[in-house]
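See structure below.
In the working numbering, the protein residues as written are 1 to 197.
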């Protein structure tokens with residue numbers, strides 16, 4: 001499974017209702033998109049305490065070909081036409097926990113994304129073992145709907161993502177906190193838990 005994330009920083013005076021309207025109008029095709037396990041439509045706003053206005057969709061893909069088709073196809077081109085071509089962070093999923101009931105994703109209110117640069121020379125097997133231990137300690141938190149860890153090998157960055165039912169959550173000071181506008185789960189059943197027990 002692969003992750004994609006492309007945070008798009010918007011002007012400080014940007015009307016974020018434009019993004020809310022965009023998501024309301026355009027999310028439906030992602031609800032049935034082949035090869036997509038999960039997409040969270042994410043924003044954060046200065047008026048809500050964030051240091052930037054940002055639109056930052058996050059994906060977990062079940063099929064590599066679907067990732068390719070998305071980036072080369074009209075859906076991503078719509079992003080490019082509206083905002084320019086953003087940098088796209090791509091990762092390999094190393095741990096994944098999902099709640100048992102797909103319908104609870106509709107209750108998601110917030111998501112955190114924490115990026116950790118791995119130090120040069122780190123033992124990757126040791127890192128993975130330590131990260132799995134942390135992952136297992138987190139997945140029983142009340143209100144946690146999903147948790148994933150991914151590795152972006154291009155920059156050797158670990159990424160921890162957590163999807164929450166509530167808006168007021170305790171999270172790492174280094175994690176970016178986003179509001180969830182919509183969650184698409186067309187191939188939720190194909191997402192395979194990793195290091196989940």
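Glycine residues also receive a C-beta, built at the ideal position from the N, C-alpha and C atoms.
With DSSP run on the structure shown, which of helix, strand or coil describes residue i?
i           : result
residue 103 : helix
residue 43  : strand
residue 109 : coil
residue 136 : helix
residue 198 : Coverage of the chain is limited to positions 1 through 197, which leaves residue 198 absent and any answer about it impossible.
residue 156 : coil
residue 72  : helix
residue 37  : strand
residue 161 : strand
residue 81  : helix
residue 5   : strand
residue 25  : helix
residue 187 : coil
residue 87  : coil
residue 117 : strand
residue 32  : helix
residue 62  : coil
residue 141 : coil
residue 150 : strand
If the criterion is Cβ atoms closer than 8 Å, does the pair residue i and residue j meet it?
i           : j           : result
residue 186 : residue 32  : yes
residue 86  : residue 6   : yes
residue 164 : residue 144 : yes
residue 59  : residue 39  : yes
residue 151 : residue 92  : yes
residue 12  : residue 46  : yes
Let me check understanding here. Comparing Cα to Cα, which of the options lies closest to residue i?
i           : options            : result
residue 182 : 55, 118, 172       : 55
residue 149 : 142, 167, 130      : 130
residue 48  : 193, 151, 192, 176 : 176
residue 110 : 43, 8, 101         : 43
residue 153 : 142, 141, 83, 124  : 124
residue 222 : 34, 52, 36, 28     : Residue 222 lies beyond the stretch modelled for the chain, which goes from 1 to 197, so this question has no answer here.
residue 141 : 116, 17, 99        : 99
residue 90  : 64, 26, 167, 27    : 64
Given a threshold of 16 other Cβ atoms within 10 Å of its Cβ, counted over all protein chains shown, does residue i qualify as buried or as exposed?
i           : result
residue 159 : buried
residue 57  : buried
residue 105 : buried
residue 126 : exposed
residue 172 : exposed
residue 184 : buried
residue 19  : buried
residue 30  : buried
residue 80  : exposed
residue 28  : exposed
In its own chain, which residues sit with a C-beta less than 6 Å from the C-beta of residue i, not counting the 5 before and 5 after it?
i           : result
residue 156 : 118
residue 166 : 109, 143
For residue i, collect the residues of the same chain with a Cβ closer than 8 Å to its Cβ; drop the 5 residues on either side in sequence, then sort them by chain order.
i           : result
residue 88  : 4, 5, 6, 71
residue 147 : 95, 96, 97, 135, 138, 139, 160, 161, 162, 163
residue 192 : 1, 96
residue 62  : 1, 35, 36, 37, 187, 190, 191
residue 66  : 33, 34, 35, 36
Only counting the same chain, and skipping five residues up and downstream in sequence, which positions put a Cβ closer than 7 Å to that of residue i?
i           : result
residue 174 : 114
residue 23  : 41, 181, 182
Counting only beta-carbon separations shorter than 8 Å, does residue i have a partner in chain B?
i           : result
residue 108 : Given the protein chain composition of this structure (a single chain), no chain B is represented.
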